[in-house]
Each structure stands twice: as structure tokens, then as C-alpha cells.
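Taking it in order: structure first as C-alpha cells, then the write-up.
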Amino acid sequence: MIVSVDQLRQAARGTLPRWLFDYVDGGAYSEATLRRNRDALAERHLLPFVLRGVARPDAGASILGVRQPFPIGLAPVGMAGMLDAQGEIAAARAATARGVQMCVSHFSICSIEEIARAVDPAFLMFQLYIFRDRAVTEDMVRRAWAAGVRTLVVTVDTPVTPLRERDVRNGFRQISRLSLRQIGQMLPRPGWTWRMVRRGHCVIGNLVPYDMGTTLFSQAAAISRSLDPAIGWDDMAWLRTIWKGRLVVKGVMQPADVATCADLGLDGVVLSNHGGRQLDGSASAVDVLEAGIRAANARLQILVDGGFRYGGDVAKALMLGAAGVMIGRPWAYALAANGEKGVTDVLKYFRDGLLSTMTLLGAADLGALRGGRKSLLLEARQTTSFDEE
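Right under this line is the structure:
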């Protein structure tokens, strides 16, 4: 039984070699943004109604055209296939079993084709990074559509990769193969090491057709050279012309950028600071959620990620107006700790936490939860404000 995400985190720490655990767990520079994501949720307090007779709340919602029993999805996690021998396929099976969507990382170990063959692709989104070579990007778009994916999530907050102190300390940056140091960190983790040895050669499956290296680490080095730091709004307009499905931008924080996404006819945005892995000192997505909702003006759906650890956290985001929440590290920890069952259980943990919070707040459904926002949610202090335009 899952007691907390922190319990899963500790289990993952005891399962994975240090260099891999820190890659998943860490953030940029001082990790202030990582901490801010949790603080922003903790600063918002719930004020319940009682005697509302809400024994069986309904958390059902339509997220980007897919009906889900609760509005939570799996955020993209790069190289998640290194966490468990079944890789991203295990996570996708867990998500579809719970009736929720998973956003497959562009840099997944299992290719989008492999994952789509294992589950109903209607529950898959695909994360896209834009490469300098637009032909590679366009081919990846084609492959995602051919695999049955109908929602493309373009990540735009990674024009450069900042220093991540834990990765540097572990010698995980700028390497072409495992060093003696990393191998030494694997020795105290014989279970994980044996599963990875039995699995065999690991590479980023989505990149295999593009001659970007023959090992995981050579591919990672090629990625840093291949990502285009100069992408702009014209690239979003271009993708809108070549992608026939739902188009979402992930990594937006400014309300003005939300409005531009709506102007371009996009279907959604994910308000996100990349889990604290990019801009150190950034605000939390929760800090700017209400301003983003106003900027969208009901023209697109707004999802949010970063720092969610409890069902009550999800309720807070929904009360602020989010259509849904995406979780990243929680499912990564769960996958490392207990494979497919771990991801299934962590989704149940979030669902049950959301439902119990709704009952305690006296909200029978998500409409009531959002409708009662002014009287149900108190904020400890005003965190971020934007001039009305």
C-alpha cells in the first residue's frame, strides 16, 4: 500500500544507482524552483463545507478530448525506460488500466511504435522537441500520427540545459559510456543491475532511425547538439499546419504566451517550469495558473504540473481553474520501486486522495469544486500578479 509519494521516493532511492536516481530527482542549480513547486501548493489552504451529503463524488473530466475518470495524467519523463525492465510500456499499461492518458517522452527508451502496440493509443500523447533538422522533427510527427497518437505536446522551455549540480557531481554529464564511478554505484543495486543486464542494450528508441549514436550516452550527447534553441512562434504555426490532431504547448508560464497559443488555434497548454529542472528561481506554475486561465479566455484547455504529491494538491489546482494535472516524478519513483504495479498504485493513491478531498470539501463533482473556489480556497499570501491588459 502506498502511504506517500515520499515513501516511493525513498524506495526508488534504494533501488536505483545514485547517478540515475539523482537524474530523476534533481533540479537546476540551487533547486529553488523545485522547492517552490511544493511551497506554492502548501501556501494555499482549503476551507471545507460540511453536511453536503457527498458520499460518492464524481471526478470525471474530458482532458483534450479524452474522457477520464479523474483529471490526472502521466507527464513525459525522459529515459524512464531505465527505471524498470518493462520501461515506458509498463507505465502506459498502468495508465490505460486506470483510464488516464500518458504523455510519452520524445526521449523514451521504448519507441512510440512499441508503446502504441502495447496499449490503446487513444490514451497516449507524444512529447515533441524541435530539432535543428526540421526533417527529423517532421518525420517524428509523422511517426506519432501513424502510431495512432492524436495529441502532440511540444516542449518549449528547454532552449539550453542548465547546470544540474547532482548530475555533475555524479559524472553524469558529457559522458559517452559508463565510467568506473557509475559502475561502482551500480554494484550496491544488484536487483536493478541484473534486470538491466537481462534486458540488454538500452538506447533511446525514438532516435534509432536518425543515426544519432549507438549508445544511450552518445545519443544524449547528440540530443544536446540537435535541439534548436532558436525556436519561435512561427514553428508552432508550422506544426499547426502539419499536425492534424490536438496540439499542446508545454513549458508556458507567461499569461501573454497562453494568449498567443490560443490565437494560433492550439488546443491546450501545460503550465510548467519543467519540474524545477530548467530556470532556477522560477515561479511555480500554480502561482500563475489563475492569470493563465484569464488569458486563455476559455479558448483552450490548461493543464498544470510541478510538485504534486497528494490528491489534495490536485484539488487545489482544479479549484484554481486547471482542466487537469500531470504528474512526473511520482510515477517515475513508482515505476522504479515496483514496476507497472507501482504506477497503477500511485494513480490510485492520487485518485483516492482527490475523491476524499472532494467529499471533505462538500463538492459532488468537479463543477462544484471549481464553482465553490472563492469560499473553499484561502491563500496564505498573494504570490504573483499580472497587470490586466
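In UniProt numbering, the protein residues as written are 1 to 389.
We put the beta carbon where it would ideally sit given N, CA and C, even for glycine.
Item, Value
"According to DSSP, residues forming a beta bridge with Q10", "Looking at the DSSP assignment, Q10 forms no beta bridge with any residue, so it has no partner."
"Delimiting residues of the beta strand (DSSP E) encompassing K316", "Looking at the DSSP string, K316 is not in any beta strand (DSSP E); the run it does join, the alpha helix (DSSP H), is G311 to M319."
"Contact set for R93: own chain, Cβ-Cβ below 7 angstroms, skip 5 residues either direction", "A118, V119 and E340"
"Helix, strand or coil at S62 according to DSSP, with G and I counted as helix", "strand"
"Any 3 or more C-beta pairs closer than 8 angstroms across the segment 212-219 and the segment 147-163", "no"
"C-beta atoms of T344 and W192 nearer than 7 angstroms", "no"
"DSSP beta-bridge partners of C103", "M125"
"With 16 other Cβ atoms within 10 Å as the buried cut-off, status of K250", "buried"
"Touch test, the segment 94-113 against the segment 281-298, Cβ-Cβ under 8 angstroms, three pairs minimum", "no"
"Reference A256; option with closest CA among W233, G367 and R36", "W233"
"7 angstroms Cβ shell around E388 - same chain, five flanking residues per side excluded", "Summary for E388: the model assigns pLDDT 45, below 50, so the residue's position carries little reliability; its value from the coordinates is reported in the next sentence. No residues qualify anywhere along the chain."
"Sequence ranges, alpha helix (DSSP H) only - wholly within the segment 266-299, length at least 4", "289-296"
"Proximity of G314 and L354 at Cβ, strictly below 7 angstroms", "Going by the sequence as given, residue 314 is Val instead of Gly. Taking 7 angstroms as the Cβ cut-off, V314 and L354 qualify as a contacting pair."
"Coil, strand or helix - M196 by DSSP", "helix"
"Residue of L128, R370, H274 and G53 minimising C-alpha distance to R36", "H274"
"Inter-stretch contact (C-beta, 8 angstroms, three-pair minimum) for the segment 290-302 and the segment 41-52", "no"
"Sequence-distant residues of the same chain with beta carbon closer than 6 angstroms to V54, five excluded per side", "T359, G362 and A364"
"Distance between T241 and T260 (C-alpha atoms, nearest Å)", "16 angstroms"
"Helix, strand or coil at Q86 according to DSSP, with G and I counted as helix", "coil"
"Which of helix, strand or coil DSSP assigns to E388", "Low confidence applies here, because E388 scores a pLDDT of 45, under 50, leaving its location unreliable; read the following figure in that light. Looking at E388 - three-state DSSP - the assignment turns out to be coil, as it is neither helix nor strand."
"With 16 other Cβ atoms within 10 Å as the buried cut-off, status of W194", "exposed"
"Cα-Cα separation, V50 to V270", "33 angstroms"
"Secondary structure, beta strand (DSSP E): runs of 3+ residues fully inside the segment 188-264", "246-252"
"Among T357, Y333 and G311, the one whose alpha carbon lies nearest that of G21", "The question names Gly, but residue 21 is Phe in the sequence shown. The residue with the shortest Cα to Cα distance from F21 is Y333."
"Pick from G342, L318, M82 and D25 that is closest to R199, judged by C-alpha positions", "M82"
"Candidates R13, S272, Q185 and I204, of which the one nearest I327 by Cα", "S272"
"Distance CB(A116)-CB(A147) smaller than 7 angstroms", "yes"
"Cβ-based neighbour list, V149, same chain, cut-off 6 angstroms, excluding 5 preceding and 5 following", "P121, L124 and F126"
"Continuous alpha helix (DSSP H) assignments of at least 4 residues falling wholly in the segment 13-73", "18-25 and 32-42"
"Same chain, Cβ closer than 6 angstroms to F350, neighbours up to 5 away in sequence not counted", "I72 and G311"
"Backbone CA spacing between I223 and I109 [nearest angstrom]", "14 angstroms"
"Nearest residue (CA-CA) to D25, options V77, D352 and R132", "V77"
"Residues near A40 by beta carbon distance below 6 angstroms, same chain, minus five either side", "S284, V286 and D287"
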